[in-house]
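Counting the sequence shown from 1 gives a position; my numbering is that position plus 13.
Yeah, the Cβ is synthetic: ideal placement off N, Cα and C, and Gly gets one too.
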Amino acid sequence: MADQKDKPRSGERDNRDDTDISPSPRPPVSQSPRLPVSRWALPCRIVFVLLLTVHCLLFTVSCRQDMQDQPRMKPFRSTTFFRDGMSSRPPVTGTVPRGHLRADREFFTGKKSTAGTSAPAGPQTATPPGGSAAQGIAAYPDDLEEFPLPITHDVVKRGKERYDIFCSACHGMTGNGDGMIVRRGFRRAASFHTDSLRQAPVGHYFDAITNGWGAMPSYAAQIPARDRWAIVAYIRALQLSHQNTQSQTGQPQPPASHTATPSSGGHN
Ligand code: HEC
């Protein structure tokens with residue numbers, strides 16, 4: 014529209030090329046004012062663009078071929094490249110998966126960081142019941158005596174939930190060692206209300222859950238470290254409340270054998 018207003022005589026679009034070269038008092042402004050546009054300009058431009066496209070296509074195709082033909086392994090395919098015949102390589106020894114650097118030894122093993130050995134903490138051996146072995150903290154010199162995390166109400170609540178799920182089947186809801194599995198004939202689980210276990214350091218409980226203890230299997234695969242500490246906190250709460258009821262009623266602890274089968278009682 015604006016063009017038409019400026020050049021009232023250039024209405025015939027078909028003759029546009031002609032108007033460019035026709036002498037006129039005020040020639041219409043071409044796209045490049047210095048070089049007059051020749052009639053070959055457009056075809057040349059098209060050919061140039063086409064050539065450029067073909068060049069780019071050739072370039073891309075040749076790149077693709079290189080990438081496609083690169084030597085690579087398919088997962089779980091055998092190969093003759095490695096001596097063991099496997100294309101999947103095992104991780105380098107000592108590889109730590111992201112987020113699994115367990116640098117906090119106390120938190121993840123329940124052992125004191127000063128407890129010298131560089132080897133990973135292994136399972137303890139059960140002390141003979143009623144034997145001459147030292148009791149309480151002295152019996153487990155390497156085990157942590159204090160929780161490596163702040164114990165809040167929420168932690169204890171979580172511990173109760175996890176304890177009821179994972180431990181109560183054997184140790185009973187109150188920790189007497191008379192869980193349903195024990196009543197059905199499994200070896201009697203430890204009561205947490207004996208003097209030796211009341212005095213045992215928290216690290217000992219953590220270790221028992223982590224590595225198992227005698228007939229009790231390890232629960233490391235099912236219970237993450239944080240939850241193990243929560244369970245230990247709840248066991249401490251059970252012990253305190255048990256002691257409290259005992260001192261209030263003035264009654265002695267009920268004999269542990271009242272629910273278990275006599276043959277399976279005790280640590281034998
Ligand atoms: C399948 C039954 C079973 C389950 C489940 C179980 N325990 Fe045990 N636990 C036992 C038995 C049996 C013993 C005694 C092992 C022995 O003396 O040989 C024991 C021993 C222990 C001891 C060691 C006591 C000592 O003498 O020092 C602790 C601590 C303990 N259990 C904590 C737990 C906690 C915490 C859980 C839950 C995460 C749990 N157990 C789950 C069966 C079980």
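Any non-hydrogen atom of ligand 1 within 7 Å of residue i CB
{"i": "MET99", "result": "no"}
{"i": "ARG200", "result": "yes"}
{"i": "PHE160", "result": "no"}
{"i": "LEU210", "result": "yes"}
{"i": "ILE150", "result": "no"}
{"i": "ALA234", "result": "no"}
{"i": "ILE3", "result": "Residue 3 lies beyond the range of the chain shown here (14 to 281); nothing can be said about it."}
{"i": "MET286", "result": "The structure shown has nothing for residue 286, since the chain only spans 14 to 281."}
{"i": "ALA250", "result": "no"}
{"i": "TRP242", "result": "no"}
{"i": "ALA203", "result": "yes"}
{"i": "GLY227", "result": "yes"}
{"i": "ALA238", "result": "no"}
{"i": "HIS282", "result": "Residue 282 lies beyond the stretch modelled for the chain, which goes from 14 to 281, so this question has no answer here."}
{"i": "ALA11", "result": "The structure shown does not extend to residue 11, since the chain is modelled only from 14 to 281, so the question has no answer here."}
{"i": "HIS184", "result": "yes"}
{"i": "HIS113", "result": "no"}
{"i": "HIS255", "result": "no"}
{"i": "ALA116", "result": "no"}
{"i": "PHE121", "result": "no"}
{"i": "PHE95", "result": "no"}
{"i": "PHE179", "result": "yes"}
Residue i and residue j closer than 8 Å at C-beta
{"i": "ALA228", "j": "ARG196", "result": "no"}
{"i": "ALA203", "j": "LEU210", "result": "yes"}
{"i": "ARG241", "j": "ILE222", "result": "yes"}
{"i": "ARG7", "j": "SER100", "result": "Given a span of 14 to 281 for the chain in the structure shown, any question on residue 7 remains unanswerable."}
{"i": "PHE160", "j": "TYR232", "result": "no"}
{"i": "PHE360", "j": "GLY149", "result": "Absent from the model: residue 360. The displayed extent of the chain is 14 to 281, so no value can be given."}
{"i": "PHE205", "j": "LEU253", "result": "no"}
{"i": "GLY327", "j": "ALA243", "result": "What is shown of the chain runs 14 to 281, which leaves residue 327 out entirely."}
{"i": "VAL215", "j": "LEU157", "result": "yes"}
{"i": "THR92", "j": "MET86", "result": "yes"}
{"i": "THR187", "j": "HIS255", "result": "yes"}
{"i": "ILE194", "j": "ALA213", "result": "no"}
{"i": "ALA246", "j": "VAL169", "result": "yes"}
Those residues which DSSP pairs with residue i across a bridge
{"i": "LYS124", "result": "ASP156"}
{"i": "TRP226", "result": "MET229"}
{"i": "SER91", "result": "MET99"}
Closer than 7 Å: residue i CB and nearest ligand 2 heavy atom
{"i": "LEU162", "result": "Absence of ligand 2 is noted for the structure shown, with ligand 1 being the only ligands found."}
- For the segment 187 to 221, list the alpha helix (DSSP H) runs that are entirely contained and at least 4 residues long, ordered along the chain. 193 to 196 and 208 to 212
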